[in-house]
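For reference, the structure discussed in these notes is given below.
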Amino acid sequence: MIWNKEAECMRIGEREKLQLERMKAILKRTYRNVPYYKKRFDEMKVKPGDIKRLNDIQNFPFTTKTDLREGYPFGLFAVPRREIVEVHTSSGTTGKPTVSGYTKKDIEIWGEVVARALTMCGATKDDIIQNGYGYGLFTGGLGVHYGAQRIGATVIPISAGQTKRHLEIMYDFGSTILTCTPSYALYLTEAAEEAGLNVKKLKLKAGCFGAEMWTDRMRDEIEKRFHLIALNIYGLTEIIGPGVAQECDQKNGLHIFEDHFYPEVVSPETLEPLPEGEKGELVLTTLTREGTPMIRFRTRDITTLRREICKCGRTLVRMDRITGRTDDMLKIRGVLVFPYQIEKALLEIKGVEPHYQIIVTRPHHLDEIEVQVETSKKLFSDEVRHLEEVRKKIENRIENSIGLRVKVTLVEPKTLPRSEGKAKRVIDKRQL
Amino acid sequence: MEVKQISVFLENKKGRLWEAMNVLAKAQINIRALSIADTSEFGILRLIVPDPEKAKKILAQSSFTVRENDVIAVGVSDKPGGLAGVLKILTDADINVEYVYAFVEKSGKKAVVVLRTDSINKGKKALKKAGVAVLSSQGSYIPCPETDHRHALTG
Numbered sequence: 003m004i005w006n007k008e009a010e011c012m013r014i015g016e017r018e019k020l021q022l023e024r025m026k027a028i029l030k031r032t033y034r035n036v037p038y039y040k041k042r043f044d045e046m047k048v049k050p051g052d053i054k055r056l057n058d059i060q061n062f063p064f065t066t067k068t069d070l071r072e073g074y075p076f077g078l079f080a081v082p083r084r085e086i087v088e089v090h091t092s093s094g095t096t097g098k099p100t101v102s103g104y105t106k107k108d109i110e111i112w113g114e115v116v117a118r119a120l121t122m123c124g125a126t127k128d129d130i131i132q133n134g135y136g137y138g139l140f141t142g143g144l145g146v147h148y149g150a151q152r153i154g155a156t157v158i159p160i161s162a163g164q165t166k167r168h169l170e171i172m173y174d175f176g177s178t179i180l181t182c183t184p185s186y187a188l189y190l191t192e193a194a195e196e197a198g199l200n201v202k203k204l205k206l207k208a209g210c211f212g213a214e215m216w217t218d219r220m221r222d223e224i225e226k227r228f229h230l231i232a233l234n235i236y237g238l239t240e241i242i243g244p245g246v247a248q249e250c251d252q253k254n255g256l257h258i259f260e261d262h263f264y265p266e267v268v269s270p271e272t273l274e275p276l277p278e279g280e281k282g283e284l285v286l287t288t289l290t291r292e293g294t295p296m297i298r299f300r301t302r303d304i305t306t307l308r309r310e311i312c313k314c315g316r317t318l319v320r321m322d323r324i325t326g327r328t329d330d331m332l333k334i335r336g337v338l339v340f341p342y343q344i345e346k347a348l349l350e351i352k353g354v355e356p357h358y359q360i361i362v363t364r365p366h367h368l369d370e371i372e373v374q375v376e377t378s379k380k381l382f383s384d385e386v387r388h389l390e391e392v393r394k395k396i397e398n399r400i401e402n403s404i405g406l407r408v409k410v411t412l413v414e415p416k417t418l419p420r421s422e423g424k425a426k427r428v429i430d431k432r433q434l
Numbered sequence: 281m282e283v284k285q286i287s288v289f290l291e292n293k294k295g296r297l298w299e300a301m302n303v304l305a306k307a308q309i310n311i312r313a314l315s316i317a318d319t320s321e322f323g324i325l326r327l328i329v330p331d332p333e334k335a336k337k338i339l340a341q342s343s344f345t346v347r348e349n350d351v352i353a354v355g356v357s358d359k360p361g362g363l364a365g366v367l368k369i370l371t372d373a374d375i376n377v378e379y380v381y382a383f384v385e386k387s388g389k390k391a392v393v394v395l396r397t398d399s400i401n402k403g404k405k406a407l408k409k410a411g412v413a414v415l416s417s418q419g420s421y422i423p424c425p426e427t428d429h430r431h432a433l434t435g
């Protein structure tokens with residue numbers, strides 16, 4: 003099912019024309035209305051009028067989270083404050099939060115792109131969407147809410163947490179689509195199992211999971227336990243929230259809604275634009291945002307763009323599942339390590355649950371990684387020897403994957419933090 | 281019926297053993313025998329209880345990783361050389377012992393030895409063949425208050 007065939011299946015040449023038009027307009031608007039952008043453009047000696055082709059955006063400066071903090075709270079609004087009807091902020095875990103301001107039209111666009119995303123997961127007017135993303139300043143809850151309302155589906159604004167209630171409502175109301183973080187979805191499957199609930203009685207057909215990194219193995223696990231199709235949604239507060247991109251049932255990457263968000267991939271080290279098919283940091287320019295337009299926002303997310311037309315019929319470019327964050331990227335004894343690589347290695351071992359934490363220390367001038375892995379019924383044995391073997395097996399598997407020896411520690415189940423928002427996988431205790 | 285042992289994974293953290301014991305205490309589960317295997321990071325608590333099913337359920341409900349498995353329990357005379365005799369039988373039969381723990385039965389005449397061999401069946405067979413009393417049920421090798429009338433140690 004396709005929500006907006008005209009936009010999603012548009013001929014590529016035609017879409018590029020539309021993007022160019024919108025790009026010119028948004029650069030003009032930001033230059034005129036946002037002092038921060040004017041200053042940066044002037045410093046780089048670029049003018050909105052320089053844009054002749056889409057590629058010309060490459061001459062414009064990047065925008066980073068730090069830049070946004072300079073304008074905290076309302077300095078990056080491109081419209082008078084009274085035109086802003088809603089604000090959201092990033093979590094602010096790494097400093098002052100960044101503020102995203104939405105005009106009435108921005109909220110409409112948000113509803114539109116999330117409606118496209120939910121439709122990709124199979125949502126229609128007849129569906130009951132159990133929305134387990136947090137409502138509030140976090141964009142997840144309201145973003146999905148607006149999309150669901152646009153479609154006309156029944157939305158249950160249950161938000162994150164209250165696991166018992168989630169399960170109860172899921173059963174009693176016959177929810178057909180679950181939206182939440184993948185780690186919370188997995189947690190719900192565990193909780194259902196523990197409570198001895200019969201998952202066959204659930205009416206779930208699809209899950210729209212995002213707001214954190216996850217793997218295909220986690221997908222398999224959730225799909226198997228909840229008997230649904232689990233699809234990946236992508237977005238970030240600075241750009242709009244969820245609904246920047248969504249995976250279709252081909253499970254072959256996430257379609258970016260390019261008529262609203264213009265993607266580039268750059269090398270995280272040199273910041274040079276990379277050709278299609280190469281892995282690097284995703285950079286996004288909003289083409290239609292009124293409240294807080296973003297020019298070349300560095301997302302810190304690592305992905306690859308793919309142009310080949312998808313079997314689903316959409317002509318939208320696809321991005322790979324996010325495989326790392328440039329700010330999550332660990333440099334261990336000079337080697338670049340992504341937590342994702344460790345997770346993947348772990349999940350290749352039978353019986354290992356995807357619950358782990360990576361702790362980096364530097365005890366004697368040398369980096370050390372400890373990976374804490376929860377034991378499971380399948381891993382546990384009454385023999386020490388057997389448990390030591392499991393530990394060594396995990397250590398070897400990780401070493402094969404990242405090229406470094408790590409120390410694996412088995413911990414008791416459910417002792418590592420489960421997240422309702424973003425899972426914290428890495429604790430870096432090095433004093434650098 | 282086999283002799284069932286419950287094993288519990290314990291992180292090497294203050295209070296964890298107490299928490300496991302407390303769960304059992306609250307559920308009124310008496311412990312017949314126990315041993316702990318410890319490494320620098322974790323320990324494996326092994327228990328013999330009258331109702332292993334119940335103990336397993338209750339521990340799992342409190343988020344402990346629990347496993348149940350068969351072990352061999354034999355009665356040996358409580359005097360020097362009692363255990364050595366049993367181990368010789370296993371050694372002669374080329375059977376490896378993974379771990380062993382023992383306790384003295386209430387009457388004080390016999391010691392009960394809990395053995396885990398790499399193959400439980402082989403171990404049992406070898407011991408039976410040599411005429412050692414292999415205990416065959418959860419409650420019968422050590423009289424507990426509610427089963428005092430049953431006379432234990434039947435091979």
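Line by line, the protein sequences are chains W and Y. Residues 3 to 434, numbered by this note's numbering, are exactly what the first sequence covers, in order. Residues 281 to 435, numbered by this note's numbering, are exactly what the second sequence covers, in order. Heads up, the beta-carbon is just placed ideally off N, CA and C, and yes, glycines get one too.
Determine, using beta carbons only, whether residue i and residue j come nearer to each other than 8 Å.
i: residue 320 (chain W); j: residue 255 (chain W); result: yes
i: residue 436 (chain W); j: residue 59 (chain W); result: Nothing in the structure corresponds to residue 436 (chain W), since chain W is present only between 3 and 434.
i: residue 214 (chain W); j: residue 185 (chain W); result: yes
i: residue 286 (chain Y); j: residue 330 (chain Y); result: no
i: residue 138 (chain W); j: residue 244 (chain W); result: no
i: residue 111 (chain W); j: residue 293 (chain W); result: no
i: residue 307 (chain W); j: residue 337 (chain W); result: no
i: residue 382 (chain Y); j: residue 394 (chain Y); result: yes
i: residue 224 (chain W); j: residue 286 (chain W); result: no
i: residue 354 (chain W); j: residue 404 (chain W); result: no
i: residue 415 (chain W); j: residue 370 (chain W); result: no
i: residue 396 (chain Y); j: residue 351 (chain Y); result: yes
Of the residues the options, which one's Cα is nearest the Cα of residue i?
i: residue 450 (chain W); options: W:331, W:70, W:322 and W:63; result: Chain W is shown only over 3 to 434; residue 450 (chain W) falls outside these bounds and no answer can be derived.
i: residue 386 (chain W); options: Y:307, Y:296, Y:313 and Y:318; result: Y:318
i: residue 312 (chain Y); options: Y:301, Y:338 and Y:321; result: Y:301
i: residue 1 (chain W); options: W:364, W:21 and W:185; result: Residue 1 (chain W) lies beyond the residue range present for chain W, which begins at 3 and ends at 434; the question has no answer from this structure.
i: residue 362 (chain W); options: W:410, W:388 and W:380; result: W:410
i: residue 117 (chain W); options: W:9, W:27, W:304 and W:207; result: W:9
i: residue 411 (chain Y); options: Y:327, Y:369 and Y:400; result: Y:369
i: residue 13 (chain W); options: W:136, W:318 and W:384; result: W:318
i: residue 327 (chain W); options: W:278, W:426, W:277 and W:275; result: W:426
i: residue 6 (chain W); options: W:354, W:152, W:403 and W:91; result: W:152
i: residue 124 (chain W); options: W:149, W:163, W:419 and W:207; result: W:207
i: residue 173 (chain W); options: W:416, W:247 and W:200; result: W:200
i: residue 360 (chain W); options: W:296, W:351, W:368 and W:341; result: W:341
i: residue 343 (chain W); options: W:218, W:260, W:79 and W:107; result: W:218
i: residue 364 (chain Y); options: Y:335, Y:400 and Y:407; result: Y:407
With a cut-off of 8 Å, does the C-beta of residue i fall near any C-beta of chain W?
i: residue 375 (chain Y); result: no
i: residue 295 (chain Y); result: no
i: residue 357 (chain Y); result: no
i: residue 401 (chain Y); result: no
i: residue 378 (chain Y); result: yes
i: residue 328 (chain Y); result: no
i: residue 396 (chain Y); result: yes
i: residue 275 (chain Y); result: In this structure chain Y extends from 281 to 435, so residue 275 (chain Y) is not present and cannot be described.
i: residue 312 (chain Y); result: no
i: residue 345 (chain Y); result: yes
Do we get a CB-CB distance below 8 Å when we pair residue i with the residues of chain Y?
i: residue 190 (chain W); result: no
i: residue 416 (chain W); result: yes
i: residue 384 (chain W); result: yes
i: residue 412 (chain W); result: yes
i: residue 378 (chain W); result: yes
Less than 8 Å between CB atoms is the rule here; does residue i satisfy it with respect to chain B?
i: residue 287 (chain Y); result: Judged by its chain identifiers, the structure shown contains no chain B, and its protein chains are W and Y.
With a 10 Å radius around its C-beta and 16 neighbouring C-beta atoms as the bar for buried, classify residue i as buried or exposed.
i: residue 428 (chain Y); result: With a pLDDT of only 34 at residue 428 (chain Y), under the threshold of 50, the placement of this residue in the model should not be trusted, and no figure is reported.
i: residue 401 (chain W); result: exposed
i: residue 310 (chain W); result: exposed
i: residue 46 (chain W); result: exposed
i: residue 228 (chain W); result: buried
i: residue 122 (chain W); result: buried
i: residue 82 (chain W); result: exposed
i: residue 371 (chain Y); result: exposed
i: residue 404 (chain Y); result: buried
i: residue 195 (chain W); result: exposed
(request) At 3 residues or longer, and completely inside the region 256-310 of chain W: list those beta strand (DSSP E) runs for me, N to C. (result) Listed in chain order, they are 256-258, 263-268, 281-288 and 299-308.
(request) Jot down the residue ranges of each uninterrupted alpha helix (DSSP H) in the region 144-225 of chain W, minimum 4 residues, whole runs only, in chain order. (result) Runs found: 165-175 and 184-196.
(request) Please specify which runs of the alpha helix (DSSP H), each continuous and at least 4 residues long, are wholly inside the region 340-404 of chain Y, giving them in chain order. (result) The qualifying runs are 362-372.
(request) At 3 residues or longer, and completely inside the region 71-152 of chain W: list those beta strand (DSSP E) runs for me, N to C. (result) Listed in chain order, the beta strand (DSSP E) elements of length 3 or more contained wholly in the region 71-152 of chain W are 86-91, 101-105 and 130-133.
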